[in-house]
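Worksheet for the structure shown next.
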Amino acid sequence: HRIYDIEVVEGKPVYITKGDANNAPDNRKITKKDIVGKVLFDVPYLGYAVETARKPIGFVLLIIVPAGIIVYDEIRKIVGEIKKRKQES
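Residue numbering for the sequence shown follows my numbering, beginning at 1034 and increasing consecutively.
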């Protein structure tokens, strides 16, 4: 939910919220003490990557492929170190 509108009641602000997936704002008005947190920053388009990762092909492209590259690189380094130590012996 986000703060949709702010009204002043008896000299104090009350907040009207609206869910992102809802067409209309909520009926309940909340006070400052009801607010749990606030947005400090956002990362544009990160939601697209997260949503893509939830699909099988997206999971493969965003998780499995990079993990495979990291594992391949580590194995290459280990094999290189083993060969280096054998040559030194």
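Think of the CB as a built atom: it goes at the ideal place given N, C-alpha and C, for glycine as much as any other residue. Note that this is a predicted model, so its numbers are computed, not measured.
Bridge partners for residue i per DSSP, in chain order?
{"i": "glutamate 1040", "result": "Val1047"}
{"i": "glycine 1063", "result": "What sits at residue 1063 in the sequence shown is isoleucine, not glycine. DSSP lists Tyr1048 as partners of isoleucine 1063."}
{"i": "arginine 1035", "result": "Lys1051"}
Which residue's Cα is closest to the Cα of residue i: the options?
{"i": "arginine 1035", "options": "Lys1045, Glu1043, Ala1054", "result": "Ala1054"}
{"i": "glycine 1052", "options": "Asp1038, Lys1065, Val1042", "result": "Asp1038"}
{"i": "proline 1046", "options": "Thr1064, Ile1103, Arg1118, Thr1085", "result": "Thr1064"}
{"i": "valine 1041", "options": "Lys1062, Gly1113, Asn1056", "result": "Lys1062"}
Evaluate residue i with the Cβ neighbour count: other Cβ atoms within 10 Å of its Cβ, from every protein chain shown; 16 or more gives buried, anything less gives exposed.
{"i": "tyrosine 1048", "result": "buried"}
Less than 8 Å separating the beta-carbons of residue i and residue j?
{"i": "alanine 1086", "j": "isoleucine 1097", "result": "no"}
Report task. Evaluate contact between the stretch 1088 to 1108 and the stretch 1067 to 1079, counting only Cβ atoms and requiring at least three cross-stretch pairs below 8 Å. Result -> Taking 8 Å as the limit for Cβ pairs, the verdict is that the stretch 1067 to 1079 does not touch the stretch 1088 to 1108.
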